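For the sequence shown, our numbering gives the first residue as 37, with consecutive numbering after it.
Glycine is no exception: its CB is placed at the ideal position from the N, C-alpha and C atoms.
These numbers were taken from a predicted model, which means no experiment stands behind them.
Remarks on the structure that follows.
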Amino acid sequence: MNHKLKPSSRLTIIFILAVVLSGSILTYFSINNISNLKELTEKRILEEQRELSARFSTEIQNNIEKITHVLNVEISLFDVLKDLLIKRTSEYDFIIQSFILKNNGQFIYPYFIGIIENTPETEFSSRFRSAYKAGEEAEFTKKDPGKAKSYYLSCLGHSTGSRDSVKALNALGRASIKLNEIEDATSCYISIISYYFHVTDENGFPYVYYALPQLLKITNKENREEIFPTVESCLEKMEAGSIALNFNSEELLILVTNWLKVNTSDTSEKSVNINKLAESVNRQIQFTIKYGNELSGLFKKGYSESHAVAANDFKVVNSVSGNNQEFFLINTNFENPVGFLIDRKKLFDTIAKSDIQSDLEFDYKIDFPATFNSNTTGDNLVYTAQLNPLFPEQLIEIKPVDENLIKDLITRRGWIYGIASMLLLVAMCLGVVLILRDIAREKHLARLRSDFISNVTHELKTPLTSIRMYAESLIMGRVMSDQVQKEYLSVVVNETDRLKRMINNILEFSKMEKGIPEYHLVNSNLASILNEAIHEMNYWFAKEGFDVVTELDDKIFANVDPEKMNQAIGNLLSNAIKYSTDTKKIFVRLFNKPEHICIEVEDLGVGIPEDKLYRIFEQFYRIEQKESISGTGLGLTVVKEIIEAHNGTITVTSEIGKGSRFTIRMPLDGN
Ligand code: ADP
37 MNHKLKPSSR LTIIFILAVV LSGSILTYFS INNISNLKEL TEKRILEEQR
87 ELSARFSTEI QNNIEKITHV LNVEISLFDV LKDLLIKRTS EYDFIIQSFI
137 LKNNGQFIYP YFIGIIENTP ETEFSSRFRS AYKAGEEAEF TKKDPGKAKS
187 YYLSCLGHST GSRDSVKALN ALGRASIKLN EIEDATSCYI SIISYYFHVT
237 DENGFPYVYY ALPQLLKITN KENREEIFPT VESCLEKMEA GSIALNFNSE
287 ELLILVTNWL KVNTSDTSEK SVNINKLAES VNRQIQFTIK YGNELSGLFK
337 KGYSESHAVA ANDFKVVNSV SGNNQEFFLI NTNFENPVGF LIDRKKLFDT
387 IAKSDIQSDL EFDYKIDFPA TFNSNTTGDN LVYTAQLNPL FPEQLIEIKP
437 VDENLIKDLI TRRGWIYGIA SMLLLVAMCL GVVLILRDIA REKHLARLRS
487 DFISNVTHEL KTPLTSIRMY AESLIMGRVM SDQVQKEYLS VVVNETDRLK
537 RMINNILEFS KMEKGIPEYH LVNSNLASIL NEAIHEMNYW FAKEGFDVVT
587 ELDDKIFANV DPEKMNQAIG NLLSNAIKYS TDTKKIFVRL FNKPEHICIE
637 VEDLGVGIPE DKLYRIFEQF YRIEQKESIS GTGLGLTVVK EIIEAHNGTI
687 TVTSEIGKGS RFTIRMPLDG N
């Protein structure tokens with residue numbers, strides 16, 4: 037027994053093994069890859085978190101750099117310095133307030149005088165003094181404001197400087213109000229606010245603080261338009277530090293706000309601006325009250341040694357007023373120390389909202405917790421670290437925005453690998469199926485070929501035996517009469533024809549296989565081609581006793597290769613003879629249909645099973661028949677090839693035991 041595997045089976049086994057092996061390797065790597073993916077992603081996230089933390093720290097530094105840029109001791113002019121500080125404050129919304137201090141910690145800007153110092157007595161002229169005294173006596177003792185006013189007017193005439201002028205103006209204003217001379221009073225107070233805003237009385241109290249409330253009080257329809265710009269410029273001066281702020285300023289602001297409500301609508305441009313100014317001044321007041329002590333304390337403690345420089349000689353001072361929400365940026369190298377109060381949270385938020393995450397793979401949420409989160413390790417991917425050495429107690433916490441990031445990533449990757457593996461498996465199985473099918477087809481063809489060879493041999497043998505037998509008889513002179521001799525010769529000729537037909541089929545098939553069939557199309561009368569084909573088969577019809585009925589339209593012409601058409605019809609007629617039993621009748625028809633030419637060859641023979649109908653035109657295909665009916669399985673293949681080469685079609689209808697009808701349809705023009 038031969039145990040050797042056939043090459044095709046070996047190939048199949050190798051292929052299946054390759055499929056199983058590569059499938060397993062792929063699956064193994066997919067699983068491995070997924071578990072590695074978790075680790076790698078965690079590592080990547082941690083790297084990005086570290087990077088983000090470092091970037092954040094650098095950004096803090098950059099921001100401090102930007103705020104303090106060009107603020108150095110080279111700016112010797114106080115006003116330039118102050119303007120720069122104010123500009124910076126308006127540019128960065130995390131700067132709450134900028135300030136300039138005296139070395140003892142008192143404020144120069146915002147200009148706040150906490151404890152008012154008495155100003156040294158000014159020497160007024162004797163004429164001024166006596167007139168002023170007379171005025172006061174008339175005003176307060178004699179209750180005669182008219183007289184008082186004239187004394188004060190002469191005081192104004194005797195004034196030589198701002199201090200006596202403003203004193204006289206203030207008294208004049210007061211007397212005018214008592215006289216209900218509002219117009220005069222208005223111009224007195226407006227003059228004080230406009231020109232003598234920096235002048236204080238003997239107690240160190242600015243005259244503005246007397247003038248403004250009076251002006252607000254005497255506002256009416258007539259003077260309103262005049263008073264508005266004065267109030268506005270007064271607040272501007274307070275904001276800019278030209279008018280000193282003190283503990284009375286808050287009250288003054290309340291008066292202004294109430295006055296605004298009465299005298300204008302809330303939405304008017306003037307009102308909005310004055311309100312804004314009032315808010316800003318109020319902020320300055322609150323700031324100075326809140327941080328005054330702390331700042332002067334800082335200098336006493338000698339803070340400058342204990343803090344490192346953050347940028348441009350500015351140092352960060354944390355824990356302002358016991359909270360961590362704000363910090364100071366102070367530079368003491370100036371003649372008068374300068375600094376900023378900064379809202380720490382706002383600064384951090386500004387940085388967090390900037391594009392520091394732009395080129396990172398994942399999105400992160402940044403927080404600033406007070407204490408370490410205990411779950412910093414493990415699955416929650418939270419990274420906590422010290423934010424920046426400038427804020428030693430401040431932590432930064434960074435976590436991915438998507439908490440299920442890794443889980444989702446793994447699920448997604450799992451799906452991709454799963455689907456890919458499935459597709460691969462399906463493709464591989466399909467490959468196996470295709471290969472198996474190919475192998476089966478190859479096997480089938482090989483069997484058909486070997487059947488074909490034995491069939492051809494058999495087919496050739498039959499006519500050859502006949503030819504030899506009859507020829508021998510003739511040679512040996514066994515046949516006497518001319519009639520019999522003729523008969524024998526006719527057998528030899530017809531058998532030779534049969535041989536020729538068979539060989540022609542094989543040749544045609546071989547050309548077909550090689551793809552080089554030659555056709556010589558000639559406009560031919562189809563009826564005569566059919567008649568000739570029938571005529572060539574007459575011997576066999578007569579021999580078998582067939583009745584051939586023809587219905588041929590002899591006016592039909594078409595462009596055909598007459599020889600090939602003859603071969604095709606010959607094959608159909610030969611089959612009709614071969615596959616007929618008792619009813620030996622054959623119909624050959626040729627007729628025109630509106631859309632094509634029809635040729636029909638019909639027999640009343642054995643018929644073809646319905647499930648085999650579609651296969652009979654395949655090469656080498658034969659339906660199992662009685663032993664006596666031989667064939668090569670090429671006849672119909674050649675017919676189909678010839679008809680299709682003429683752009684025609686061939687179909688068959690058949691019924692078992694009743695016969696078959698082959699119908700050829702040719703295009704009307706023959707092409
Ligand atoms: P073969 O050499 O076997 O005749 P063909 O290609 O001519 O090869 O025909 C293929 C098969 O079709 C035949 O084996 C036969 O079974 C069937 N067949 C062809 N013509 C007829 C017919 N007129 N009646 C019944 N069966 C037919």
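In DSSP terms, what residue i is bridged to
i, result
"lysine 419", "Before going further, note that residue 419 is tyrosine rather than lysine in the sequence given. In the DSSP output, where bridge partners are listed per residue, tyrosine 419 has Ile434."
"arginine 701", "Cys634 and Thr685"
"proline 242", "Thr236"
"threonine 586", "Val624"
"phenylalanine 148", "Leu281"
"glycine 695", "Glu691"
"aspartate 639", "Ile622 and Ser696"
"isoleucine 131", "Ile378"
"phenylalanine 427", "Asn424"
"valine 352", "Leu365"
"phenylalanine 143", "Leu137"
Buried versus exposed call for residue i [16 or more other C-beta atoms within 10 Å across all chains shown]
i, result
"histidine 682", "buried"
"valine 345", "exposed"
"isoleucine 570", "buried"
"alanine 456", "exposed"
"lysine 694", "exposed"
"methionine 573", "buried"
"asparagine 38", "Low confidence applies here, because asparagine 38 scores a pLDDT of 45, under 50, leaving its location unreliable; read the following figure in that light. Exposed."
"valine 244", "buried"
"lysine 118", "buried"
"valine 353", "buried"
"aspartate 394", "In the sequence on display, residue 394 carries serine and not aspartate. By the 10 Å Cβ count, serine 394 comes out exposed."
"cysteine 270", "buried"
"glycine 669", "buried"
"threonine 236", "buried"
"glycine 150", "exposed"
"glycine 197", "exposed"
"isoleucine 387", "buried"
Distance cut-off 7 Å: residue i Cβ against heavy atoms of the ligand FAD
i, result
"alanine 204", "Among the ligands present in this structure, namely the ligand ADP, the ligand FAD is not found."
Range covered by the alpha helix (DSSP H) that runs through residue i
i, result
"tyrosine 188", "181-194"
"serine 509", "441-511"
"lysine 138", "Note, lysine 138: premise wrong, no alpha helix (DSSP H); not H, not E."
"alanine 170", "162-172"
"isoleucine 218", "218-231"
"alanine 347", "Careful: alanine 347 lies outside any alpha helix (DSSP H), inside the beta strand (DSSP E) at 345-347."
"isoleucine 213", "198-214"
Terminal residues of the beta strand (DSSP E) in which residue i lies
i, result
"glycine 375", "374-379"
"asparagine 559", "558-561"
"isoleucine 366", "362-367"
Simplified DSSP state of residue i, which is helix, strand or coil
i, result
"valine 596", "strand"
"proline 405", "coil"
"lysine 614", "helix"
"phenylalanine 264", "helix"
"valine 109", "coil"
"tyrosine 64", "helix"
"glutamate 397", "coil"
"phenylalanine 384", "helix"
"methionine 516", "coil"
"threonine 300", "coil"
"serine 666", "coil"
"lysine 591", "coil"
"isoleucine 290", "helix"
"serine 390", "coil"
8 Å Cβ cutoff, residue i in contact with chain B
i, result
"isoleucine 254", "Checking the listed chains, one finds no chain B in this structure; it contains a single protein chain."
* To do: Report yes or no: do the region 133-141 and the region 371-385 share at least 3 C-beta pairs separated by less than 8 Å?
  => yes
* Just checking, does the region 602-615 make contact with the region 673-689 on the three C-beta pairs under 8 Å criterion? -> yes
* To do: Would you be able to state if there are at least three C-beta pairs under 8 Å between the region 287-304 and the region 108-119?
  => no
* Is it a yes or a no for the region 163-171 touching the region 180-191, going by three-plus beta-carbon pairs under 8 Å? -> yes
* **Any 3 or more C-beta pairs closer than 8 Å across the region 75-91 and the region 500-515** => no
* Report yes or no: do the region 272-287 and the region 312-329 share at least 3 C-beta pairs separated by less than 8 Å? => yes
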